[in-house]
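Asker: Sharing a structure with you now.
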Amino acid sequence: MHSSKKLACGLMLASGLISASAFAVLPEESVGNTVLSAPGDHRSYMVDFEFNNMVSTRVVVVDPDSKTYLGMIPTGHAAPAALSKDRKTVYTADIFFSRYTRGDRTDVLTAWDSTTLSPKWEVKIPTKRAFTLTERFALNTSADDKFVYIYNFTPSTSVTVVDTEKQEVVNELAIQGCILNYPVGDRRFASLCGDGSLQVITLNDAGKEVNRTSTKFFDPDLERLVERATNVGSTYYFVTTDGDVLSADLSGKKPEILPRWSLTTEEQRAKGWAPGGWQLIATAPALNRMYVLMHSDHKPHKWEDPSTIIWEFDLKTGEKMRTLESPNLIWSLSATSDDDPLLLGTSIEGGLEIFDLGSGQHTGTMAGVTKTPTLVINH
Amino acid sequence: MHSSKKLACGLMLASGLISASAFAVLPEESVGNTVLSAPGDHRSYMVDFEFNNMVSTRVVVVDPDSKTYLGMIPTGHAAPAALSKDRKTVYTADIFFSRYTRGDRTDVLTAWDSTTLSPKWEVKIPTKRAFTLTERFALNTSADDKFVYIYNFTPSTSVTVVDTEKQEVVNELAIQGCILNYPVGDRRFASLCGDGSLQVITLNDAGKEVNRTSTKFFDPDLERLVERATNVGSTYYFVTTDGDVLSADLSGKKPEILPRWSLTTEEQRAKGWAPGGWQLIATAPALNRMYVLMHSDHKPHKWEDPSTIIWEFDLKTGEKMRTLESPNLIWSLSATSDDDPLLLGTSIEGGLEIFDLGSGQHTGTMAGVTKTPTLVINH
Amino acid sequence: MKFLDRFFERSSRHVANTTGRRHFIAKFGSLLAIGTAAPVLLPIDRTSKALAAESPKAGDPGDPTSCDYWRYCSVDGFLCSCCGGSVTSCPPGTETSQVTWVGTCRNPADGIDYIISYNDCCGKHSCGQCACTRNDSEEPMYRPFNNNDINWCLGAESNVYNCTVAVIRGIAT
Amino acid sequence: MKFLDRFFERSSRHVANTTGRRHFIAKFGSLLAIGTAAPVLLPIDRTSKALAAESPKAGDPGDPTSCDYWRYCSVDGFLCSCCGGSVTSCPPGTETSQVTWVGTCRNPADGIDYIISYNDCCGKHSCGQCACTRNDSEEPMYRPFNNNDINWCLGAESNVYNCTVAVIRGIAT
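Here it is in structure tokens:
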């Protein structure tokens, strides 16, 4: 009775219907799979921290031009993410527990294909990966994509070095008193230290340390320097909570500390203008401009609070160029690295705010694509 | 400098302040741990499905009298939960994947202490646990707490039997064409079958099948019987989507099918009154009454929709006694088994609605204690 | 997969464009492998209801990212068309479940009732976009292949649910 | 643990009852074991600000389930007092982290500045109740023991974060 005969009957009946219809009967289909094209200049990756669960977290992949949700990458325990320079790989540094909230802990670096969003390979890493509100400079690649640097906090601090060609851990470098890894060129990364110095470590092709320097950068007893920096090439920019910009060229073995400048005039500072947010600064290298989330009613406890107001600065002159405004509170910024750059902001509502930096216009919101997006990153 | 000497100074300074203060200086403290008392009659367990994540899910433990959040039990992949009759144990049937969303699958029955909310033991079970919207009768204990029955769906259906004394799997019983396990006494469970029958399996002390019967219960080609039943002892009550009550006494090897009755008068039915919800019925055994989520504008596609309206029926007479109203839409019901019973409802806002069944009054809402509570269960 | 998107989508998403409930004689215990045999339906009380509100477009009218789209008459879960896939394609990196449930939906363009399979895409967790529940032809769980309270990522390597596609499998009799 | 409860609690939870920022010379690389040595603080720019709005009660005023409670001046996370624990007790089945961060809060009842440790309770995931952020005395992450953007379930068997307690560890100088 309930065999394919019955279905055949149905198909015959349907054939009868076709002739009476203005349209052709729709054909039978099969389920396909989606593969993305190679990432364009604007593809964006939103790191979703999922504050109300935080076990199985995610990176959501979107196209801010078409405002399309392209897919997602599942991660373990608020994993940081980093993009290879050749755009072929998305790295996540995941933690997994055998019983999700307890049991044996396994940390892995996972390499995801940026077109299939499938894992290509993984390597176990020391079970020390830092578990913090996602830091932009916790996970990074070397400029030639050979090494991945993973920040560890136990609370001892160190950096695990993975060789992506060998797909194995080749080193773990103690960075006592210092945090994070700010990558520089092919074989170098910097860390920011509690004594106010910048530490720079240079590696060889085997991932072994060949040089380490420490250079005074700021006085941590006098001011607070936000560790969430931004860079144009080898030049890194940091802001203090009061609104000064400290920068350094890290291309050499020892950093060259650049002149300090201020985001605000004295008048603006007196009125309470100061930076605030999570990833509160971003740079558009093609424009050589920096974008800063600003508060007009700043108080010390607001240094990580979101804002709707973004100031644009020329990095050559330190001059303020424009003010951008978002319809929703933004917590973290990123700008694309192409000649027609976008500025992207993660809203505290879980959406993505999109600005065209040519016109300076807010071009739209992708609402509700994540729950608690701590970062957005770009190629 | 930064030694305990410095702290000692601080303490001396503080001593000076004490005399000037109307209050004694607060003493140093240490961190304690909380242990719950043995569960009272009203303790409630909300199964949180976490629809927007569904990997690491939870059971939230609350006291509806004091409206207090008592703690939580972390679970794997929308685990069903069941309570031991001696109230000492909460069982969850968890699924874990080695990489959370992929990798090796491990299914376990976890036994949690109901006072410490810590795992006491776990046993690996066949990797077949049903993964559905949480069903009240997917996981159950025998009346003497010796056996736990776990419903499997692959889509072949079976029931895993765990001996809780041996803490091992002692059987897996195929229940082809049938679903779930409705426990009866010490050594028996029933299943509801696609052909409209009730299948009853009787076990021996080793967990081996000693008897199996099949009894016609309803005609699935004529009506839809909601599988989410409720029971008073060995008598199980089901409702059809049209509002008829079908019940059976399962105490014997073969069920005794009891007379059918209707929740509605013909007039009420004509006006569109019909049941709807997820766990849409519950019974208060001490009152011998049943509670049903009802819709006045019922349509077939609403048979799983929430409602604010609950009708109360005398199970002896089938008479409608009262109407209860909730301020928020309720999706699932449960009533406590004591002489001063509460009726509890999980709201679609994630809260718990609490009714005193002596007065029939809504006594309060515990708002926001879960995200997507599919069930609430009671001792 | 049918789920509690009532918790998320409590707007007027119930569109009465289904053709009534249909009964499927479930063959528990044997996989319903898509591609080898189409699911068999036994219609018993077909009723003609109002069609979807969209004005018909040629052949396959409506917006596949909207819960109102005609093919979604029995869907329950996240729409893959909002998750990086399409109405018939799983998002990047997810695997199609080969076991599924079916519904019957009337296409407002041609008035024909199509058999639609709702394959779950698996191996990543909840997409979280475009939650959509339309239950009209759903049967209780004892007829599982017409039930969407089940996570149908059964025929996939990982049983974790991401989203659902709606695929034409033929014409209903 | 400090987290984005801004995403959840965007009401006026910032109460200026802290005593300004304080600097802690972080000893990276050595565990700060609670019970063996109290954390050492180096106050540099103490300022007296308005106290909490609650009318003081004897000794330890305020509601421990409210983010406004004086001890929470540097807390960031879910309050254990709403999660089945109390202001000083972890909820059932969770483990206290023995590594922690500290803040200094002024008790409005006696005007004394107390050193408060914010121990995370671990081994179950986010409690999800009473998210509370008060960042006034927070330092950037290069001074980790005054930073609450870190999951401090480091000194526990499982590193999964459930909620935070606020425990008096002594009096600040």
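Chains as they are written, first to last, in this note's numbering: chain A, 1 to 379; chain B, 380 to 758; chain C, 759 to 931; chain D, 932 to 1104.
For every residue, glycine included, the Cβ atom is placed at its ideal position computed from N, Cα and C.
Remember, it's a predicted structure, so these values are computed and weren't measured experimentally.
Can you pull the chain D neighbours of S423 (chain B), defined as C-beta to C-beta under 7 Å?
Answerer: Residues of chain D passing the Cβ test: none, with the nearest at roughly 13 Å.
Asker: Where does Y1000 (chain D) fall in DSSP's three states?
Answerer: The answer is coil: DSSP assigns Y1000 (chain D) none of H, G, I, E or B.
Asker: Please state the DSSP three-state secondary structure of C880 (chain C).
Answerer: Strand, per DSSP.
Asker: Listed from N- to C-terminal order along the chain, which residues in the region 433 to 466 of chain B have their beta-carbon within a distance smaller than 9 Å of any beta-carbon of chain C?
Answerer: Flagged, chain order: M433, V434, H456, A457.
Asker: Sort out for me which residues DSSP pairs S726 (chain B) with in a bridge.
Answerer: For S726 (chain B), which the question treats as bridged, DSSP gives the partners B:I709.
Asker: Have a look at D473 (chain B) and D186 (chain A) and give me their C-alpha separation to the nearest angstrom.
Answerer: Each residue's alpha carbon lies about 45 Å from the other.
Asker: Where I688 (chain B) and I660 (chain B) are concerned, what is the direct C-alpha to C-alpha distance, given to the nearest angstrom?
Answerer: Looking at the two C-alpha atoms, the distance is approximately 12 Å.
Asker: Quick check: V857 (chain C) and G820 (chain C), are their CB atoms within less than 7 Å of each other?
Answerer: Not in contact: V857 (chain C) and G820 (chain C) (Cβ atoms no closer than 7 Å).
Asker: Which residues, taken in chain order from the region 143 to 165 of chain A, show a beta carbon closer than 9 Å to some beta carbon of chain D?
Answerer: Listed by position, the residues of the region 143 to 165 of chain A near chain D (Cβ gap below 9 Å) are F153, T154, P155, S156, T157.
Asker: With which residues is M425 (chain B) paired in a DSSP beta bridge?
Answerer: Looking at the DSSP assignment, M425 (chain B) forms a beta bridge with B:V439, B:V755.
Asker: Would you please verify whether the beta carbon of C848 (chain C) is less than 7 Å from any beta carbon of chain A?
Answerer: Chain A contact via Cβ: present.
Asker: Among A:K371, A:W331, A:G350, A:R260, which residue has its Cα nearest to the Cα of K316 (chain A)?
Answerer: Comparing Cα positions, the closest option is A:R260.
Asker: Taking the beta carbon of T854 (chain C) as the centre, do at least 16 other beta carbons fall within 10 Å, making it buried, or is it exposed?
Answerer: Looking at its Cβ environment, which holds 16 or more other Cβ atoms inside 10 Å, T854 (chain C) is buried.
Asker: So what's R269 (chain A) in DSSP terms, helix, strand or just coil?
Answerer: DSSP places R269 (chain A) in helix when its eight states are reduced to three.
Asker: Would C879 (chain C) pass as a contact of C825 (chain C) if the rule is Cβ separation under 7 Å?
Answerer: No. Outside cutoff.
Asker: So, C921 (chain C) versus C838 (chain C), is the Cβ gap smaller than 7 Å?
Answerer: Yes.
Asker: Take W303 (chain A) as the anchor and find which of A:G194, A:R224, A:Q176, A:V90 has the nearest alpha-carbon.
Answerer: Of A:G194, A:R224, A:Q176, A:V90, the residue nearest in Cα terms is A:R224.
Asker: So, is the C-beta of N1050 (chain D) closer than 7 Å to a C-beta in chain B?
Answerer: At least one chain B Cβ lies under 7 Å of N1050 (chain D).
Asker: Using beta-carbon positions only, say whether S463 (chain B) and T520 (chain B) come within less than 7 Å of one another.
Answerer: The answer is yes: Cβ separation under 7 Å.
Asker: In this structure, what does DSSP give as the bridge partners for W859 (chain C)?
Answerer: W859 (chain C) is bridged to C:Y876.
Asker: Is it true that the CB of A663 (chain B) sits closer than 7 Å to the CB of A714 (chain B)?
Answerer: Yes, the pair counts as a contact, with Cβ atoms nearer than the cut-off.
Asker: May I have the straight-line CA-CA distance separating L790 (chain C) from Y424 (chain B), to the nearest angstrom?
Answerer: Low local confidence applies: a pLDDT of 27 at L790 (chain C) is under 50, so the model's placement there is unreliable, and no value is given.
Asker: Do you know how far the Cα of W491 (chain B) is from the Cα of T1025 (chain D)?
Answerer: Roughly 13 Å separates the two Cα atoms.
Asker: Can you say whether G419 (chain B) is buried or exposed, counting buried as having 16 or more other CB atoms within 10 angstroms of its CB?
Answerer: The residue is exposed, with fewer than 16 neighbouring Cβ atoms inside 10 Å.
Asker: If you measure from the beta carbon of V90 (chain A) to each beta carbon in chain C, is any gap under 7 Å?
Answerer: Closer than 7 Å: no.
Asker: Go through its chain and collect everything with a Cβ distance to S641 (chain B)'s Cβ below 8 Å, but skip five positions before and after it.
Answerer: Same-chain partners within the cutoff: G622, D623, V624, R648, G697.
Asker: Using the three-state DSSP reduction, which class does H77 (chain A) fall into: helix, strand or coil?
Answerer: Correct three-state label for H77 (chain A): coil.
Asker: How is K681 (chain B) classed by DSSP in three states: helix, strand or coil?
Answerer: Helix.
Asker: At the 7 Å Cβ level, is L571 (chain B) part of the contact set with chain C, yes or no?
Answerer: Cβ-Cβ to chain C under 7 Å: yes for L571 (chain B).
Asker: Could you work out which residues of chain A lie near T891 (chain C), taking near to mean beta carbons separated by less than 9 Å?
Answerer: Here the premise fails: no neighbours, minimum Cβ distance about 18 Å.
Asker: Evaluate E353 (chain A) with the Cβ neighbour count: other Cβ atoms within 10 Å of its Cβ, from every protein chain shown; 16 or more gives buried, anything less gives exposed.
Answerer: Burial call: buried.
Asker: Quick one: what does DSSP say F903 (chain C) is sitting in, helix, strand or coil?
Answerer: F903 (chain C) falls in the helix class under three-state DSSP.
Asker: Would you call A784 (chain C) buried or exposed, if buried means 16 or more other Cβ atoms sit within 10 Å of its Cβ?
Answerer: Low per-residue confidence applies at A784 (chain C): pLDDT is 25, beneath 50, and the placement is therefore not dependable, though the value from the model is reported in the following sentence. Per the 10 Å Cβ criterion, buried.
Asker: What residues from chain C crowd round T594 (chain B), counting only those whose CB sits closer than 7 Å?
Answerer: Per Cβ cutoff of 7 Å: no residues; T594 (chain B) is ~15 Å from chain C at best.
Asker: Since G861 (chain C) and S895 (chain C) should fall inside the 8 Å C-beta cutoff, what is the C-beta to C-beta distance between them, to a whole number of angstroms?
Answerer: The Cβ separation is near 5 Å, so the contact holds.
Asker: Taking Cβ-Cβ distances shorter than 9 Å, what residues in chain D pair up with L324 (chain A)?
Answerer: Per Cβ cutoff of 9 Å: no residues; L324 (chain A) is ~21 Å from chain D at best.
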